[in-house]
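Chemist: Got a structure for you, questions after.
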Ligand code: SAH
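In structure tokens form, the structure reads like this:
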């Protein structure tokens, strides 16, 4: 069945317990009420964000007074009067620190009446918004919330992010702010502007603790201004999506996905990987399935080329590695013939993903000195007629069969006829590296029957060879050569003993 490439609307965002928003408070009035130390900490936080704080605390505690003295901050106006409904006028936010439910309720009602968002410290029932954990690399700011579920967990996450982000990033974020007008003044095209900020990001992340210099800015600007017009014409990047687990994506693949205009993806690309695409990118399913509906390769090539020629950054997202059973050559050739810049970003091929999941090495210095990837079906969906059966029957190889679903029985039968021992271990893995992964173990003789016992969905791969032995299997038994040698040496010892 022929399928037309279709645009897919993927809702990219899962439900959110809270919406993080970043309030601009410079010069805005914020009211805080309460005499406890907590009120003082909030006053300090809001003053740090540039707010003019009116702190209503007629009877400030010792602790609050000592916080305020420590601050010596002119942005905080300590008013020794209780709050009243009049104080909300013109306020951007209102915060109360109290243990008293009635006061909390009254404060919230007054805030609602005045249209001011309100927070009562540690009393979620009375809050419009909450304060999250903060990692401060201003103007780069990261907010963390667990929606009140587990503050300690939130703090641990904060500590992790703190450790991950060098302090120097603050200076790069600041440089971005100050350099922005100079970049805008150049009136570069959208692509060139984006390439400037991509280079900026690469530089910042590679030297986070160096001070950004004017030289850096000038050389980045010069590069973007003189950039070949090729990038103006768009480009195509074949990106390996790996077998499914998004954590197996390379950093390069993630970066490419985040700068995509168009993502053309296959059926086998997992949803979790697609989630990395830039939110504004157009996503299109151009899948080919072994036996189901398929898009024609020429249609896919034509789409890639025509989007790139419209100046778009096209990401051709393919399962596993693009260069392994991915028809990459045809796509690369089509781009080259049309003069479209093309690049390939490798991915983890399924065989590698599987080997790590089942903890079995694809090679072994004693029993598997050769590794071969073989396709289980040809262009017509049949077992390829030109399979080299001698190499499949080679006992010192590990053979990985891609696309084996329909032909595994015929393949196993032929391998046996060509001399592969019946007990050679064979493993099928469905949906490798995904949540619904299923591993089936057997021998080359038994695996087709075990696979046939029930209908399974999702892609499958088969690995055959002595390297695939199970934890309890005996190496010697799987090594005819070695067991013959052992028998021979026993015999020799017996002869020597009798002499
Ligand atoms: N380029 C891909 C292979 C594409 S051919 C790679 O490098 O892995 C498609 C075949 O890959 C499928 O029929 C199946 O045999 C295998 N495959 C892809 N993803 C898989 C997965 N998550 N689990 C098992 N097999 C997978």
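In our numbering, the protein residues as written are 3 to 501.
Think of the CB as a built atom: it goes at the ideal place given N, C-alpha and C, for glycine as much as any other residue.
1. For residue 245, list the residues DSSP reports as bridge partners.
2. Could you tell me the distance, in whole angstroms, from the CA atom of residue 421 to the CA atom of residue 439?
3. Let's test the definition: count the other Cβ atoms within 10 Å of the Cβ of residue 29 and tell me whether it reaches 16, buried, or not, exposed.
4. Could you tell me if the beta carbon of residue 323 falls within a distance shorter than 6 Å of some heavy atom in ligand 1?
5. Express the C-alpha separation of residue 297 and residue 3 in angstroms, rounding to a whole number.
6. Since I believe residue 274 is in contact with residue 248 (beta carbons under 8 Å), could you give me their beta-carbon distance rounded to a whole number of angstroms?
7. Can you name, in chain order, every residue of its own chain whose Cβ lies under 6 Å from the Cβ of residue 380, other than the five neighbours on each side?
8. Could you name the residues of the same chain whose beta carbon sits closer than 6 Å to that of residue 400, not counting the 5 residues immediately before and after it, in chain order?
9. 7 Å is my cut-off, CB to CB: does residue 414 come that close to chain D?
10. Using a Cβ-Cβ cut-off of 7 Å (strictly less than) and excluding sequence neighbours within five positions of residue 446, which residues of its own chain qualify?
11. Would you please state the rounded distance, in angstroms, between the beta carbons of residue 32 and residue 48? I believe it to be under 8 Å.
12. If you reduce the DSSP assignment to three classes, tell me which class residue 207 lands in.
13. Indicate whether the contact test is met: 3 or more Cβ pairs, each with one atom in the stretch 349 to 363 and one in the stretch 320 to 339, closer than 8 Å.
14. Since residue 139 and residue 167 should fall inside the 8 Å C-beta cutoff, what is the C-beta to C-beta distance between them, to a whole number of angstroms?
15. Would you mind stating whether residue 463 and residue 431 have Cβ atoms separated by less than 7 Å?
16. What's the gap between the Cα of residue 304 and the Cα of residue 342?
17. Within 10 Å of its beta-carbon, does residue 406 have 16 or more other beta-carbons around it, so buried, or fewer, so exposed?
18. Any heavy atom of ligand 1 closer than 6 Å to the beta-carbon of residue 459?
19. Sorted by chain position, which residues of the same chain lie with C-beta nearer than 6 Å to residue 302's C-beta, five sequence neighbours on each side aside?
20. Between residue 100 and residue 106, how many whole angstroms is the CB-CB distance? I'm expecting something under 8 Å.
21. How many Å lie between residue 451 and residue 241 at the Cα?
22. Secondary structure at residue 303, three-state DSSP: helix, strand or coil?
23. Measuring only from the beta carbon, is residue 352 closer than 6 Å to any heavy atom that is part of ligand 1?
24. Candidates 20, 256, 188, 41: which alpha carbon is nearest residue 277's?
25. Do residue 461 and residue 270 have their CB atoms nearer than 7 Å?
26. At what residues does the beta strand (DSSP E) containing residue 264 begin and finish?
27. Between which two residues does the alpha helix (DSSP H) carrying residue 182 extend?
28. Using 6 Å as the cut-off, classify the Cβ of residue 327 as near or not near the heavy atoms of ligand 1, replying yes or no.
Modeler: The relevant details are as follows:
1. According to DSSP, residue 245 bridges with nothing at all.
2. 31 Å
3. exposed
4. yes
5. 9 Å
6. 4 Å
7. 386
8. 364, 370, 373, 467, 469
9. Absent from the structure: chain D. Only one protein chain is present.
10. 414, 417, 418, 422, 424, 426, 428, 466
11. 5 Å
12. helix
13. yes
14. 6 Å
15. yes
16. 12 Å
17. buried
18. no
19. 288
20. 6 Å
21. 36 Å
22. helix
23. yes
24. 256
25. yes
26. 264 to 267
27. 171 to 187
28. yes
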